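A short write-up of the structure that comes next.
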Amino acid sequence: MTNSDFHRSATSLVSRVVGNGATARWIRAHFDYSETDWCLLWPFGRNENGYGLFGDRPKVKVHRIMCEYRNGPPPEKQPEAAHSCGNGHLGCVNPMHLSWKSRSENLKEMYQQGRKPMRYKLTPVQVDEIRALKNRARPDEIAKQFGVTQSTIREIHAGRIWKHDRKDHRIFTEDEIRLIRATHWREKNAEKFSKEFGVSISTIHRIRAGDSYGWVTP
Numbered sequence: 000m001t002n003s004d005f006h007r008s009a010t011s012l013v014s015r016v017v018g019n020g021a022t023a024r025w026i027r028a029h030f031d032y033s034e035t036d037w038c039l040l041w042p043f044g045r046n047e048n049g050y051g052l053f054g055d056r057p058k059v060k061v062h063r064i065m066c067e068y069r070n071g072p073p074p075e076k077q078p079e080a081a082h083s084c085g086n087g088h089l090g091c092v093n094p095m096h097l098s099w100k101s102r103s104e105n106l107k108e109m110y111q112q113g114r115k116p117m118r119y120k121l122t123p124v125q126v127d128e129i130r131a132l133k134n135r136a137r138p139d140e141i142a143k144q145f146g147v148t149q150s151t152i153r154e155i156h157a158g159r160i161w162k163h164d165r166k167d168h169r170i171f172t173e174d175e176i177r178l179i180r181a182t183h184w185r186e187k188n189a190e191k192f193s194k195e196f197g198v199s200i201s202t203i204h205r206i207r208a209g210d211s212y213g214w215v216t217p
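Residue numbering for the sequence shown follows numbering that gives the first Met the number 0, beginning at 0 and increasing consecutively.
Now the structure itself:
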């Protein structure tokens, strides 16, 4: 199947670019954009990570549409549309900057470009800290601190993901954090605190080192 045949198929993202709406017209007008030295920035709506979005239910990332138009369907082992410019988070959708790559290839390129990929996996301790920050900091600030999306923060705060199903789940108060940090280890070590609060010893160590609940001041 040629690229043009695939673009007309039901599974093609390109086939969804129909109608006379401003976003569809813009995409069609830039399918054959050939400038390689400059990024082509999406001028419409983006997600919280800066990537352009098109359509509805579900929305599609524009850079994937552009990548498909130029390179055909994604290979089975290379499903990610990678940016050679490193500016996907700024809304670049230049088809000349896009190619299909594996997850490991994409991550390697991001590191080479000096970008740290978003961290999607959280530890239970981090989730507890995110819950403790509810109504204390804005979702976008919390998301940036933990390297996740704002939607992830909202889902955690709403109790839709990472539900309270762990035995060692605990949200510390600011006074408890100050007590743990102010108490000398010879007076009360991490093991004693862990038993008192029902958490792991490593959780206490992280709190004392400031790696967790870093926003709590003395």
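Just so it is clear, CB atoms sit at the ideal spot from N, CA and C, and this is done for glycine as well. Here the structure is a predicted model, which is why all the values come from computation and not from measurement.
Check                                                                                                                : Outcome
Other residues of its chain near Q77: CB distance less than 8 angstroms, five sequence neighbours each side excluded : W99, K100, S101 and E104
DSSP state of S150 mapped onto helix, strand, coil                                                                   : helix
Start-to-end residues for the beta strand (DSSP E) that takes in S103                                                : Element bounds for S103: not the beta strand (DSSP E) but the alpha helix (DSSP H), R102 to Q111.
Three-state class that DSSP yields for S211 in the structure shown                                                   : coil
Backbone CA spacing between R185 and D174 [nearest angstrom]                                                         : 20 angstroms
DSSP state of G18 mapped onto helix, strand, coil                                                                    : coil
Minimum C-alpha distance to K133 - residue among T122, G87 and Q149                                                  : Q149
Cutoff 8 angstroms; reference S211; Cβ partners in own chain excluding five residues on either side                  : V124, Q125, E128, T202 and R205
C-alpha distance - W161 paired with I155, whole-angstrom precision                                                   : 6 angstroms
Rounded C-alpha distance that separates G87 from V61                                                                 : 10 angstroms
Assigned secondary structure, G90 (DSSP; H/G/I helix, E/B strand, else coil)                                         : coil
Nearest-angstrom Cβ-Cβ length linking R169 and G197, presumed shorter than 8 angstroms                               : 6 angstroms
Burial state of T151, where buried means 16 or more other Cβ atoms lie within 10 Å                                   : buried
CB of G85 within 8 angstroms of CB of G49, strictly                                                                  : no
Classification of H96 by the beta-carbon crowding that lies within 10 angstroms, buried from 16 upward               : buried
Unbroken stretches of the beta strand (DSSP E), 3 residues or longer, contained in the segment 58–90                 : 79–82
Classification of W41 by the beta-carbon crowding that lies within 10 angstroms, buried from 16 upward               : buried
Bridge partner(s) assigned by DSSP for S98                                                                           : A81
Where the alpha helix (DSSP H) through K191 begins and ends                                                          : A189 to F196
V223 burial status per 10 Å Cβ neighbour count (16 or more: buried)                                                  : Lying outside 0 to 217, the shown extent of the chain, residue 223 is not represented and no answer is given.
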